[in-house]
Every structure is written in C-alpha cells, then in structure tokens.
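Visitor: Start counting the sequence shown at 1; every next residue gets the next number (UniProt numbering). Yeah, the Cβ is synthetic: ideal placement off N, Cα and C, and Gly gets one too. Since the model is a prediction, treat every value here as computed from it, not as a measurement.
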Amino acid sequence: MAKRSEQLLEIVNQNKKIEVNRLAELLQVSKVTIRKDLTELEQRGLLQRRHGYAIINNPDNLSFRLAQNYDTKVKIAKLAAAQVTENETIMIESGSTCALLAEQLGRQKKHVTIITNSYFIANFVEKFDNIEIMLLGGEYQANAEVVVGPLAKMLLPNFHVKKLFVGTDGFAADTGFFSNDLMRAEIVQAMAQQSDQAIILTDSSKFSSPGVVKQLPLSAVATVITDQQIPTIIRDLLEQKKIDLRLA
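1. DSSP on Arg50, reduced to helix/strand/coil?
2. Report the three-state DSSP secondary structure of Ala77 (helix, strand or coil).
3. DSSP on Asp37, reduced to helix/strand/coil?
4. Check whether the Cβ atoms of Leu151 and Glu132 sit closer than 9 angstroms, and answer yes or no.
5. Please classify Met1 as buried or exposed, where buried requires at least 16 other C-beta atoms within 10 Å of its C-beta.
6. In angstroms, rounded to a whole number, what distance separates the CA positions of Ala166 and Pro217?
7. Using a threshold of 9 angstroms, state whether the C-beta atoms of Gly52 and Glu25 are closer than that.
8. Per DSSP, which one or two residues make a beta bridge with Asp244?
9. Can you tell me the Cα-Cα spacing of Thr97 and Ile199, whole angstroms?
10. Are Gln228 and Ser204 close, meaning C-beta to C-beta below 9 angstroms?
11. Does the contact criterion of 3 or more C-beta pairs under 8 angstroms hold for the region 120-130 versus the region 97-110?
12. Pairs of beta-carbons, one from the region 219-235 and one from the region 172-181, closer than 8 angstroms: are there three or more?
13. Where do the N-terminal and C-terminal ends of the beta strand (DSSP E) with Ser96 fall, by residue?
14. Under the rule that 16 or more other beta-carbon atoms within 10 Å means buried, what is Ile92, buried or exposed?
15. Let me know the secondary structure DSSP gives Met1 once reduced to three states.
16. Could you pull the DSSP bridge partners for Lys110 from this structure?
17. When you compare each of Leu164, Val147, Leu156, Ala82 to Thr89 by their alpha carbons, which one comes out closest?
18. Per DSSP, Val161 is paired with what?
19. Report all residues from its chain with a CB closer than 8 angstroms to the CB of Pro210; omit the five preceding and five following residues, and keep chain order.
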C-alpha cells in the first residue's frame, strides 16, 4: 500500500481533481481498493474526496504542502528520525517535513518529548501514545496552524534541547536559509538559541527558491537533511561550510 499510496498522491496532485474510477484504472486495482486507499489518505489529511472524485487540498493549507513531494519528504523524515534517541526531548518548528518527522517518531514507537509551536503537528501525532507534546503559546496563525510572537519567544528560554528540527522556504548561497513569514522566522531564531544543533529538513527544490525573510545563517546550522537532487554547487558549499549534509 505504501508505494501505491505515493503513486496515488502524485496522480491526484498532478490532476488536481480526478475520478475515483479513473484512479482504479491507472493503478490497475479494484474500485474497492482505491476507495480504501483514499479513505486512509483523507484521514491523514493528504487529500479530499468529493462525490466520486479525489481532489487536492486547499493550497493555503499545510496539508496541501504535506502532500507535495510526499515520498521524498517521508525519506527525509525517516533519516531525521534516526538522529533522535529514545527518551530525548527535541524542538520541532512547523513545516510539512517536520510533521512527517514527528509521525515517523510515533510510528517507530520512540518515546520522545516534542516542544513545538505547531498545533498542526500536535494534532497530526495525537494518536501516538509514545509522543509527548509541549505546545508554546502565542499569537495564532490559522493558515500555518502555528503560534508566533512575543509570548512564544518569552516562553522559549525555559527550555534547552540538543536538537532543533526546522523546515525552510528558501535558500541563498551568500546568506543562508529563508522563511516566507517574518514572525515564523523570528521563532526559528529564538528556538535556535535554545538548542545545541539546528537541523534543516527540506526537499531539494527549496535550494532553488528565493527567500523573503532571513531565517538562519549557514553558521547557525549544524546539519541539513535533504534528497539526492540537491544541486552539486550547493552540496559543495555546505560541505565547505562544515555542515553535516545527509541525503535521503
């Protein structure tokens, strides 16, 4: 089912809206099987079903971004999960690959405490008894389902962890990593001050994306976990900067 679900997601994302019967034909399985697959994917928030069709999520919703490059993000999340030890406390900032990291930790039955500003992640892993969530408070951004602002930053000095896992929206070779939101960038910077290592989780497409707001300089990043499609020039740059580069 895992590989078929990835193919199913890719087809739905490409078509935006497609008949369930057509999906069954393309994947060469029964309509009953496709309906079961779609039910599971809908329950996980990766797509929606409407009157005999499968459709993509609202592009403004984090669930939509979660479904983009899904199989690649899962591989990155699995590699990141291997860096987390039993009974460890970590910080995770919001982002689709970060959400999949939290899910992988749950599936692997690791007992982990996650400090996060993401209500999406808290809801995403609520079914896992082995995951304990500590949510920051603050100003709520509905689209991203995160809290930001002065209150969230004020709470962070009460914590210190070895590892912070962060998603990113863009990259510039002379500057580092970027966010598309000022207040989220500020939270990432505050989290980084309370951690020993900042670990970037991103698919390689983000290395070709322009940034809007400075998030973290290269000097503040210990590790980057991405996929094999990272441009060679960027790979060489990260290695020159002594950043631990791990490819899923």
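Guide: So, from the listed chains and residues:
1. For Arg50, the secondary structure class from DSSP, reduced to helix, strand or coil, is strand.
2. Of the three classes helix, strand and coil, the one that applies to Ala77 here is helix, per DSSP.
3. In this structure, Asp37 counts as helix in the three-state DSSP scheme.
4. No, they are not a contact pair.
5. Any reading at Met1 must be qualified, since the residue scores a pLDDT of 49, below 50, and its modelled position is unreliable; the value itself is stated next. Exposed is the label assigned to Met1, since fewer than 16 other Cβ atoms lie within 10 Å of its Cβ.
6. Sequence check: residue 166 is Val here, not Ala. The alpha-carbon of Val166 is positioned some 13 angstroms away from that of Pro217.
7. Taking 9 angstroms as the Cβ cut-off, Gly52 and Glu25 do not qualify as a contacting pair.
8. For Asp244, which the question treats as bridged, DSSP gives the partners Thr223.
9. Distance from the CA of Thr97 to the CA of Ile199, rounded to the nearest whole angstrom, comes to 12 angstroms.
10. Yes.
11. Yes: at least three Cβ pairs fall under 8 angstroms.
12. When C-beta atoms of the region 219-235 are compared with those of the region 172-181, three or more pairs fall below 8 angstroms, so the two segments count as touching.
13. Premise fails: Ser96 lies in the alpha helix (DSSP H), 96-107, not in any beta strand (DSSP E).
14. Ile92 comes out buried.
15. Bear in mind that the predicted position of Met1 carries a pLDDT of just 49, short of 50, making it too unreliable to give a figure here.
16. For Lys110, which the question treats as bridged, DSSP gives no partner whatsoever.
17. Ranking Leu164, Val147, Leu156, Ala82 by Cα distance to Thr89 puts Leu164 first.
18. DSSP output for Val161 lists Ser195 as bridge partner(s).
19. Counting only residues of its own chain and dropping the five nearest sequence neighbours on each side, Pro210 has a CB closer than 8 angstroms to the CB of Gly170, Ala172, Phe178.
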